[in-house]
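Peer 1:
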Amino acid sequence: MFEARLAKGAIFKKILEAVKDLLTEASWDCGDMGITLQAMDNAHVSLVSLNLRSDGFDKYRCDRNLTMGMNLGSMSKILKCAGNDDIVTIRAQDNPDTVTFVFESENGEKQSDYEMKLMSLDLEHLQIPETEYACVVKMPAGEFARICRDLSQFGDSIVISCSKQGVKFSASGDIGSANVKLAQSSNVDKEEEAVTIEMQEPVSFTYACRYLNFFTKATPLSAQVKLSMSPEYPLMVEYAIDDIGQIRYFLAPKIED
Amino acid sequence: APRQSSISDFFINR
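Going down the list, the sequences are from chains P and S.
This note's numbering puts the first residue of the first sequence at -2, with every later residue one more than the last.
This note's numbering puts the first residue of the second sequence at 18, with every later residue one more than the last.
Now the structure itself:
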């Protein structure tokens, strides 16, 4: 028996919005420690790694490790049926063919359940090596989304450069070029609005706008986003999910031949 | 133009 109950059911709705355009299907791995999902997009340019800790759920029971292959478009359709204030429970038997989503209104007067067929997926699972990043930038998630959207108008790539002076986002194309520079916040009243930079060495890498814009679908999950960069390593874009976990996106850089 | 690399260039198949 597997059962995971989350009073803040809207978190599941936001998670699906954050992955459904990038991934068509994925396996949800459930165990004692919680729920994880790892999947690459079809082109194998990016990788999504989601982690939801069991202690972040209001109720969590997992008698036996299980892997549930789901079509994320179908799962998204079902979660759209949940109200923003609904309590969401995900339930499955051991060795399941189906998974059940139960939505309860706050006052307990409405309860709906949706059963979805599971898929047998044979997906590659990649080892993500530990690394010390050369630069780690933390900034408001809304600001990052805005910059990615704005600069996408100029070309299909964004160069992210990070130095002691700050972080710079650049794009260029047929209509011209654009640069957005953010300095480290000097005086921060609200932590959520701060820009902070931890730098071991300056870096500058080129990334595809298309994927950065997919990642920013996670913006409603978190006030801040963390961008981590190192030579010979994919960009990591991380959004914390309340006190339950995080979603990390890895993006392979564009490389000069 | 720079070439798009792949995630599997960096992460190893488990």
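The beta-carbon is built from N, C-alpha and C at its ideal position, and this holds for glycine as well.
Being a predicted model, the structure only gives us computed values, none of them experimental.
Note down, in chain order, every chain S residue with its Cβ under 8 Å from the Cβ of P:D26.
Peer 2: The premise fails here: P:D26 is roughly 12 Å from chain S at the closest Cβ pair, so nothing lies under 8 Å.
Peer 1: For P:D82, I'd like the list of residues in its chain whose CB is within less than 8 Å of its CB, leaving aside the five on either flank, ordered along the chain.
Peer 2: G6, A7, S102, E103, listed in sequence order.
Peer 1: Find the nearest neighbour of P:Y208 within the set P:V234, P:A138, P:M226, judged by alpha-carbon distance.
Peer 2: The candidate whose alpha carbon is nearest that of P:Y208 is P:V234.
Peer 1: As an exercise, report each continuous beta strand (DSSP E) stretch of at least 3 residues that is fully enclosed by the stretch 97 to 184 of chain P, in chain order.
Peer 2: The stretch 97 to 184 of chain P contains these whole beta strand (DSSP E) runs: 108 to 114, 132 to 137, 154 to 160, 163 to 170, 173 to 179.
Peer 1: Flag P:F247 as yes if its beta-carbon sits less than 8 Å from any beta-carbon of chain S, otherwise no.
Peer 2: With 8 Å as the cut-off, P:F247 counts as an interface residue toward chain S.
Peer 1: Kindly indicate the opening and closing residues of the alpha helix (DSSP H) around P:K74.
Peer 2: From DSSP, the alpha helix (DSSP H) with P:K74 extends over 69 to 76.
Peer 1: P:C132 and P:M72 look like a contact to me (Cβ under 8 Å); what is the Cβ gap, rounded to whole Å?
Peer 2: Not quite, the Cβ-Cβ distance comes to about 35 Å (not below 8 Å), so this is no contact.
Peer 1: What are the residues of the stretch 37 to 65 of chain P that lie near chain S, defined by any Cβ-Cβ distance shorter than 9 Å?
Peer 2: Taking 9 Å as the Cβ-Cβ cut-off against chain S, the residues of the stretch 37 to 65 of chain P that qualify are M37, D38, A40, H41, V42, S43, L44.
Peer 1: Run through the stretch 27 to 53 of chain P for me and flag every whole beta strand (DSSP E) of 3 or more residues, listed as ranges in chain order.
Peer 2: Entirely contained in the stretch 27 to 53 of chain P, the beta strand (DSSP E) runs reaching 3 residues are, in chain order, 31 to 37, 43 to 50.
Peer 1: Cβ of P:S24 within 7 Å of any heavy atom in the ligand MG?
Peer 2: As presented, the structure is devoid of all ligands, the ligand MG included, so that no description of it is given.
Peer 1: For the alpha helix (DSSP H) that contains P:V192, what are its first and last residues?
Peer 2: First-last for P:V192: undefined, no H or E at that position.
Peer 1: Name the two residues that bound the continuous beta strand (DSSP E) containing P:E229.
Peer 2: It is not in any beta strand (DSSP E) - P:E229 carries neither H nor E in the DSSP assignment.
Peer 1: If I measure Cβ to Cβ from P:L34 and keep anything under 6 Å in the same chain, skipping five residues before and after, which residues do I get?
Peer 2: A23, W25, L47, listed in sequence order.
Peer 1: Going by DSSP, which residues form a beta bridge with P:K56?
Peer 2: BP columns for P:K56 point to P:R2.
Peer 1: Kindly indicate which residue of P:I75, P:C59, P:G139, P:T128 has the alpha-carbon position closest to the one of P:A215.
Peer 2: Nearest C-alpha to P:A215: P:G139.
Peer 1: With three or more beta-carbon pairs closer than 8 Å as the criterion, would you say the stretch 165 to 180 of chain P touches the stretch 24 to 31 of chain S?
Peer 2: Counting Cβ pairs under 8 Å, fewer than three are found: no touch.
Peer 1: With distances taken from CA atoms, which of P:E195, P:V85, P:T203, P:C27 is nearest P:D60?
Peer 2: Considering only alpha carbons, the answer is P:C27.
Peer 1: For a test of the three-state rule: what should DSSP assign to P:L248, helix, strand or coil?
Peer 2: P:L248 falls in the strand class under three-state DSSP.
Peer 1: Locate the beta strand (DSSP E) running through S:F27, then write down its first and last residues.
Peer 2: No beta strand (DSSP E) holds S:F27; DSSP gives it neither H nor E.
Peer 1: Have a look at the DSSP bridge pairing and note the partners of P:I87.
Peer 2: Answer is P:A1, P:F98, bridged to P:I87.
Peer 1: Could you tell me how far apart the beta carbons of P:T266 and P:K251 are, in whole angstroms, since I believe they sit closer than 8 Å?
Peer 2: Residue numbering for chain P in the displayed model covers -2 to 254; residue 266 of chain P lies beyond these limits and cannot be assessed.
Peer 1: Look at the alpha carbon of P:E129 and the alpha carbon of P:P231, and state the distance between them as a whole number of angstroms.
Peer 2: Whole-angstrom Cα-Cα distance: 12 Å.
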